[in-house]
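J.: Residue numbers (the numbering used here): 396 to 823.
Note that the Cβ used here is the ideal one computed from N, Cα and C, for glycine as well.
Quick one: structure below, then a few questions.
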Amino acid sequence: MKILIRGGHVADPDTGRDGIYDILVEDGKILQVQEEIREEADRTVDARGLYVMPGFVDLHVHLRDPGQEYKETLHTGGLAAARGGVTTMCAMPNTVPVTDSPEMIRSQTERAERECPVHVSFVGAVTKGQQGKELTDIAAMKREGMRCISEDGKSVMDAGLYREAMKTAAEEDVLVMAHCEDKNMVRGGVIHAGEAAERLGLPGITDAVEDVIAARDILLAKETGARLHLCHCSTRDSVEMVRLAKEAGLPVTAEVCPHHFCLTCEDIPSDDGNFKMNPPLRDREDTEALIEGLKEGIIDVISTDHAPHGEEEKSRGFLGAPFGIVGLETSAALTMTRLVHTGILTPMEMADRMSFRPARILGIDRGSLAEGKAADIVLLDMDREYVIHREDFVSKGKNTPFDGWKVKGRVVMTLVDGEIVYEENREA
């Protein structure tokens, strides 16, 4: 099918195009990008007044499938991704059973190709069963197409074992995605150790819980040469450590999630499990450091840490609810509202942090609107105002602290390999 996207404002970090262009798509590829294209097409999309960016690449998603399909499936997670403009996502390994073998990588990849409307890159566990005792066969999983390893949901607390994993990852050119949390320092904490914890009488989690492991992992990356990506950074010292690592020439990258640059612990209204996440919402100084890190490019990527849970589970308050919130369907809107419309990021920088850089970190030939590239494309109405309603989510997870938020900016259309996988009624 030949699709002509006409008159949109293209923001493409790869080519540097930042202006009004037509884009012609055919056979899954971008055929032409010109100021005016006069060819006939099977469908012409009027993109006037819209931004056109490479499809977003989300490096951090929990799909819960297999084992917890009541929370999410490959299909519903893919629908949520498409609605949020995400065309490629990395699925974390804490499924049931854990994604910890070449057989699991192969079967999950085959299933995703059948069941999911967007691309999925499956992340392999660092240790078998995520038990922290025995390393997985990283080389064998890579042969099945795995690009990253992670113990996400926890850290590998045995530093010697983790160093061995990093050595192998460096040899195999596999990205190490680090969840930085010293579990020995958590001690039952469920919320940031700050104003909200005191107000609600809940045990707190200090910044050091994250920072200690971030420092350890950066030092291990320095020693082993492994490519290290710090997941869901939430503290000012994490930002500073990433800055120092980059200045030292280490292969270290980092991400931040929209909830950590949109909310602080002071915004938690009550003992509401929908505000419980790991790492927790931090204080204002941490949040400001994250935003400044994004602006300066110290923080490379905006990811969601999409973590769906059942409604009954999240209704148990901070002490009883599991950690995590959904994010695939709100990430673009929150980024536009909090960062773009406030002048912190330009639309081009948004495309860089959500498309181009994560694609480069993952090592995939996407995140670009250059001729000949895969036609993974998102169309955005930057000025569209609406209210987030959790009932509208196509994800099975409705656990969000942003229900009722008024935002400015919406995904209008998403294409994956030249096929329209999501389209919104702009008149609605």
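#1: Just the C-alpha distance for A507 and L689, rounded to the nearest angstrom, thanks.
#2: Quick one: what does DSSP say D495 is sitting in, helix, strand or coil?
#3: Go ahead and label Q429 buried or exposed: buried means 16 or more other beta carbons lie within 10 angstroms of its beta carbon, across all protein chains shown.
#4: Who does A573 pair with in a DSSP beta bridge?
#5: I'd like to know whether the C-beta atoms of T504 and I759 end up nearer to each other than 8 Å.
#6: When the Cα atoms are used, what is the spatial distance from T682 to L454?
#7: Which word fits S750, buried or exposed, when buried means at least 16 other C-beta atoms lie within 10 angstroms of its C-beta?
#8: What did DSSP end up calling I586 once you bin it into helix, strand or coil?
#9: Starting from the N-terminal side, write out each stretch of the beta strand (DSSP E) that is 3 residues or longer and does not extend beyond the region 508 to 537.
#10: For A823, does the three-state DSSP call read helix, strand or coil?
#11: Thinking C-beta only, is G596 closer than 8 Å to I586?
#12: Given a cut-off of 8 Å on the beta-carbon distance, is the pair I720 and V634 in contact?
#13: Can you give me the Cβ contacts of R779 inside the same chain, cut-off strictly under 6 Å, excluding the 5 residues immediately before and after it?
#14: Check for me: the alpha helix (DSSP H) holding L597 runs from which residue to which?
#15: Could you tell me which residues DSSP pairs with A543 in its beta bridges?
#16: Please classify Y465: does DSSP put it in a helix, a strand, or coil?
#17: For A823, does the count of other Cβ atoms within 10 angstroms reach 16, so buried, or fall short, so exposed?
#18: For a quick check, are the C-beta atoms of G462 and P497 less than 8 Å apart?
#19: Can you give the beta carbon distance from L714 to M448, rounded, assuming they're within the 8 Å contact cut?
#20: In the DSSP assignment, the alpha helix (DSSP H) including V581 goes from what residue to what residue?
#21: Rounded to a whole number of angstroms, what is the C-alpha to C-alpha distance between E819 and V807?
#22: Taking 7 Å as the line, does the beta carbon of T809 fall inside it for any heavy atom of the ligand COA?
#23: Spatial neighbours of Y817 within its chain, please: C-beta separation below 6 Å, excluding the five flanking residues on both sides.
#24: Could you pull the DSSP bridge partners for C485 from this structure?
#25: Where D747 and T531 are concerned, what is the direct C-alpha to C-alpha distance, given to the nearest angstrom?
#26: Determine the burial state of E744: buried for a count of at least 16 other Cβ atoms within 10 Å of its Cβ, exposed for fewer.
#27: Would you kindly check if the distance between the Cβ of T659 and the Cβ of T725 is under 8 Å?
#28: Taking the continuous alpha helix (DSSP H) assigned at A702, which residues delimit it?
#29: With H, G and I counted as helix, E and B as strand and the rest as coil, what does DSSP make of V721?
#30: Got a sec? Which residues, its chain only, sit under 8 Å from S665 by beta carbon, not counting five neighbours each side?
#31: DSSP three-state call for G692: helix, strand or coil?
#32: Terminal residues of the continuous beta strand (DSSP E) containing L775?
#33: What does a CB cutoff of less than 6 Å around E593 pick up in its chain, not counting 5 residues either side in sequence?
#34: Return the chain-ordered list of same chain residues with a C-beta closer than 8 Å to the C-beta of D441, the five sequence neighbours on each side being excluded.
T.: Let me spell this out:
#1: Within the sequence shown, the letter at position 112 stands for residue 507. Within the sequence shown, the letter at position 294 stands for residue 689. When rounded, the distance between both Cα atoms is 31 Å.
#2: To locate residue 495, count along the sequence shown from 1; it is residue 100. It is coil, neither helix nor strand.
#3: For the purposes of this step, residue 429 is identified with residue 34 of the sequence shown, where counting begins at 1. Result: exposed.
#4: Within the sequence shown, residue 573 is the residue found at index 178, counting from 1. Note: A573 sits in a beta bridge opposite L625.
#5: To locate residue 504, count along the sequence shown from 1; it is residue 109. To locate residue 759, count along the sequence shown from 1; it is residue 364. No; because the gap between Cβ atoms is not below 8 Å, this pair is not in contact.
#6: Along the sequence shown, one-based indexing puts residue 682 at 287. Along the sequence shown, one-based indexing puts residue 454 at 59. One Cα belongs to T682, the other to L454, and the distance between them is close to 21 Å.
#7: What you label residue 750 is simply residue 355 of the sequence shown in a count that begins at 1. Its Cβ being crowded by 16 or more others within 10 Å, S750 is buried.
#8: Stepping through the sequence shown from its first residue, residue 586 is reached at position 191. Looking at I586 - three-state DSSP - the assignment turns out to be strand.
#9: 514 to 517
#10: Taking the first residue of the sequence shown as position 1, residue 823 is located at position 428. Reliability fails at A823, whose pLDDT of 42 lies under 50, so the model's placement of it is uncertain and the value that follows must be treated cautiously. A823: coil per DSSP, three-state reduction.
#11: Counted from its first residue, the sequence shown places residue 586 at position 191. Counted from its first residue, the sequence shown places residue 596 at position 201. Not a contact, by the Cβ cut-off of 8 Å.
#12: Position 325 of the sequence shown, counted from the start, is the residue given in the question as residue 720. Position 239 of the sequence shown, counted from the start, is the residue given in the question as residue 634. In this structure, V634 does not lie closer than 8 Å to I720 by Cβ.
#13: Taking the sequence shown and counting its residues from 1, the one referred to as residue 779 is at position 384. Only R805 meet the Cβ criterion.
#14: Taking the first residue of the sequence shown as position 1, residue 597 is located at position 202. Careful: L597 lies outside any alpha helix (DSSP H) and carries neither H nor E.
#15: Taking the first residue of the sequence shown as 1, we reach residue 543 at position 148. The question names Ala, but residue 543 is Cys in the sequence shown. Answer by DSSP bridge pairing, in chain order: L570.
#16: Here residue 465 refers to the residue found at position 70 of the sequence shown. Coil, per DSSP.
#17: The residue given as residue 823 occupies position 428 in the sequence shown. With a pLDDT of 42 at A823, under the threshold of 50, the modelled position of that residue is not reliable, and the figure given next carries that caveat. So A823 counts as exposed.
#18: Working through the sequence shown from its first residue, we reach residue 462 at position 67. Working through the sequence shown from its first residue, we reach residue 497 at position 102. It is not a contact, given that the beta carbons lie outside the stated cut-off.
#19: By 1-based counting over the sequence shown, the position of residue 714 is 319. By 1-based counting over the sequence shown, the position of residue 448 is 53. Between M448 and L714 the Cβ distance is about 41 Å, and since that is not below 8 Å, they are no contact.
#20: By 1-based counting over the sequence shown, the position of residue 581 is 186. Taken as a continuous stretch (DSSP letters only), the alpha helix (DSSP H) holding V581 covers K578 to V581.
#21: If you number the sequence shown from 1, residue 819 lands on position 424. If you number the sequence shown from 1, residue 807 lands on position 412. Rounded to the nearest angstrom, the two C-alpha atoms are 5 Å apart.
#22: Inclusion of the ligand COA in the displayed structure is not the case, the ligand content being empty and no account of it being possible.
#23: Against the sequence shown, residue 817 aligns to sequence position 422. Excluding residues within five positions, the ones whose Cβ falls inside 6 Å are A477, R478 and T809.
#24: As a position in the sequence shown, residue 485 is number 90, starting the count at 1. S516.
#25: As a working note, residue 747 is residue 352 in the sequence shown. As a working note, residue 531 is residue 136 in the sequence shown. Using only the alpha carbons, I get a separation of about 33 Å.
#26: The count along the sequence shown starts at 1 and reaches residue 744 at position 349. By the neighbour-count rule (16 or more Cβ atoms within 10 Å), E744 is buried.
#27: The count along the sequence shown starts at 1 and reaches residue 725 at position 330. The count along the sequence shown starts at 1 and reaches residue 659 at position 264. Cβ distance not < 8 Å, so T725 and T659 don't count as in contact.
#28: Start at 1 with the first residue of the sequence shown, and residue 702 comes out as number 307. Premise fails: A702 is in no alpha helix (DSSP H) and is neither H nor E.
#29: For the purposes of this step, residue 721 is identified with residue 326 of the sequence shown, where counting begins at 1. Coil at V721, not helix or strand.
#30: Looking up residue 665 in the sequence shown gives position 270. The answer, listed in chain order, is L595.
#31: In the sequence shown, the residue the question calls residue 692 occupies position 297. Note: G692 maps to coil in three-state DSSP.
#32: Looking up residue 775 in the sequence shown gives position 380. Counting along the chain, the beta strand (DSSP E) containing L775 begins and ends at I772 to V782.
#33: Taking the sequence shown and counting its residues from 1, the one referred to as residue 593 is at position 198. Around E593: no qualifying Cβ.
#34: Here residue 441 refers to the residue found at position 46 of the sequence shown. Here the set comprises R401 and G402.
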